[in-house]
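Asks: Chains as they are written, first to last, in the numbering used here: chain A, 1 to 118; chain B, 119 to 236.
Dropping the structure in here first, questions after.
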């Protein structure tokens with residue numbers, strides 16, 4: 001089984017890090033900082049979208065469902081089906097919060113983006 | 119919900135890379151080279167165990183179910199519930215094969231390790 005564009009469905013977690021993420025208006029809103037995995041199952045909890053900051057200082061993070069990231073070959077990055085406004089209102093975290101996740105963040109973002117996704 | 123040892127269940131994919139992997143006899147058998155994710159869902163397809171080679175040349179790879187990796191704090195690495203013999207007989211891949219996966223490798227390793235796991 002392959003993706004709609006005919007590519008393999010497998011992707012290396014090490015290689016997604018750094019990929020630019022765009023919103024529905026085509027604006028760059030950040031990059032994939034990391035992907036958070038569940039130690040207890042074969043589930044991906046969520047992807048981490050890093051944005052803002054300067055020279056590594058003050059960077060903030062959104063937690064976004066992994067399956068919401070859609071790779072756009074032309075742009076060379078992921079598109080999330082969210083407007084600027086929806087993202088502005090989205091939960092923001094420090095990276096250390098995301099590693100303290102006990103499943104709650106994953107559930108929360110799935111609900112939040114379930115409501116907001118176009 | 120947390121792990122049996124009381125830790126958070128979330129782990130960063132970027133940070134597992136390089137972690138040593140041990141077999142049931144406590145011998146180091148390789149390291150986590152990568153974690154392969156499914157583009158089409160929130161599933162982890164499998165973890166990649168790198169072993170052998172010299173100065174990066176000739177390294178080979180096993181595909182192992184992510185959920186088979188059990189972190190051992192004392193050893194500071196993952197333990198897979200497999201004997202030396204079971205691993206010797208396990209499927210070996212070049213890294214490029216693993217990225218061509220269309221789901222078949224994930225299914226195959228789950229069956230293989232379902233049979234072999236202690």
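All C-beta atoms in this analysis are idealised placements derived from N, C-alpha and C, irrespective of residue type, glycine included.
Determine the chain A residues that contact residue 183 of chain B at a beta-carbon separation under 8 Å, and present them in chain order.
Replies: For this step, residue 183 of chain B is matched to residue 65 along the second chain. The contacting residues are 42.
Asks: Quick check on the DSSP output: the alpha helix (DSSP H) that includes residue 84 of chain A runs from which residue to which?
Replies: In the first chain, residue 84 of chain A corresponds to position 84, counting from 1. That run of the alpha helix (DSSP H) goes 84-88.
Asks: Does residue 167 of chain B get closer than 7 Å to chain A when you measure Cβ to Cβ?
Replies: Locating residue 167 of chain B in the second chain gives position 49, counting from the first residue. Closer than 7 Å: no.
Asks: Please go through the same chain and pick out, in chain order, the residues whose beta-carbon is closer than 7 Å to the beta-carbon of residue 148 of chain B, but skip the five residues on each side of it.
Replies: Start at 1 with the first residue of the second chain, and residue 148 of chain B comes out as number 30. Closer than 7 Å at the Cβ level, and outside the excluded window around residue 148 of chain B, lie 139, 167, 168 and 169.
Asks: Between residue 207 of chain B and chain A, is the shortest Cβ-Cβ distance under 7 Å, so that the two count as touching?
Replies: Here residue 207 of chain B refers to the residue found at position 89 when the second chain is read from its first residue. It does not; no Cβ of chain A falls within 7 Å.
Asks: Taking 8 Å as the cut-off, does the stretch 189-201 of chain B touch the stretch 52-62 of chain A (at least 3 CB pairs, one atom from each stretch)?
Replies: Verdict: no, contact absent.
Asks: Helix, strand or coil: how does DSSP classify residue 58 of chain A here?
Replies: What you label residue 58 of chain A is simply residue 58 of the first chain in a count that begins at 1. Residue 58 of chain A: coil per DSSP, three-state reduction.
Asks: Can you find a C-beta in chain A that's less than 7 Å from the C-beta of residue 138 of chain B?
Replies: Taking the second chain and counting its residues from 1, the one referred to as residue 138 of chain B is at position 20. No, its Cβ sits nowhere closer than 7 Å to a Cβ of chain A.
Asks: Any contact of the stretch 124-135 of chain B with the stretch 87-94 of chain A, i.e. 3+ C-beta pairs under 8 Å?
Replies: These segments do not touch.
Asks: Between the Cα of residue 141 of chain B and the Cα atoms of B:131, B:165, B:183 and B:187, which residue gives the shortest distance?
Replies: Residue 141 of chain B sits at position 23 when you count from the first residue of the second chain. Of the candidates B:131, B:165, B:183 and B:187, the one whose C-alpha sits nearest the C-alpha of residue 141 of chain B is B:187.
Asks: Does the distance from the C-beta atom of residue 46 of chain A to that of residue 106 of chain A stay below 7 Å?
Replies: As a position in the first chain, residue 46 of chain A is number 46, starting the count at 1. As a position in the first chain, residue 106 of chain A is number 106, starting the count at 1. Going by C-beta atoms, residue 46 of chain A is nearer than 7 Å to residue 106 of chain A.
Asks: I'd like to know if residue 119 of chain B contacts chain A, where contact means its C-beta is closer than 7 Å to some C-beta of that chain.
Replies: The residue given as residue 119 of chain B occupies position 1 in the second chain. Since pLDDT at residue 119 of chain B reaches only 47, below the 50 mark, its modelled position is unreliable, and the value read off the structure follows with that caveat. Yes, residue 119 of chain B lies at the interface with chain A (some Cβ there is under 7 Å from its Cβ).
Asks: Straight-line CA distance for residue 216 of chain B to residue 146 of chain B?
Replies: In the second chain, the residue the question calls residue 216 of chain B occupies position 98. In the second chain, the residue the question calls residue 146 of chain B occupies position 28. Roughly 22 Å between the two C-alpha positions.
Asks: Please say whether residue 153 of chain B and residue 13 of chain A have beta carbons closer to each other than 7 Å?
Replies: Translated into the one-based positions of the first chain, residue 13 of chain A becomes position 13. Translated into the one-based positions of the second chain, residue 153 of chain B becomes position 35. Result yes, Cβ atoms of residue 13 of chain A and residue 153 of chain B sit closer than 7 Å.
Asks: Check whether the Cβ atoms of residue 44 of chain A and residue 129 of chain B lie closer than 7 Å to each other.
Replies: Counting from 1 along the first chain, the entry for residue 44 of chain A is found at position 44. Counting from 1 along the second chain, the entry for residue 129 of chain B is found at position 11. No; because the gap between Cβ atoms is not below 7 Å, this pair is not in contact.
Asks: Of the residues A:63, A:16 and A:72, which one's Cα is nearest the Cα of residue 90 of chain A?
Replies: Here residue 90 of chain A refers to the residue found at position 90 when the first chain is read from its first residue. Comparing Cα positions, the closest option is A:63.
Asks: Taking C-beta pairs closer than 7 Å, name the residues in chain A that residue 130 of chain B reaches, listed in chain order.
Replies: To locate residue 130 of chain B, count along the second chain from 1; it is residue 12. What residue 130 of chain B touches in chain A: 34, 36 and 99.
Asks: Run the CB neighbour count on residue 39 of chain A, radius 10 Å, all protein chains shown included, and call it buried at 16 or more, exposed below.
Replies: Residue 39 of chain A sits at position 39 when you count from the first residue of the first chain. Flag for residue 39 of chain A reads buried.
Asks: Buried or exposed: where does residue 229 of chain B fall if 16 or more other Cβ atoms within 10 Å of its Cβ makes it buried?
Replies: In the second chain, counting from the first residue as 1, residue 229 of chain B sits at position 111. Classification of residue 229 of chain B: exposed, given that the 10 Å Cβ count is below 16.
Asks: Could you work out which residues of chain B lie near residue 45 of chain A, taking near to mean beta carbons separated by less than 7 Å?
Replies: Along the first chain, read from residue 1 onward, the residue named residue 45 of chain A stands at position 45. Within chain B, the residues near residue 45 of chain A are 128.
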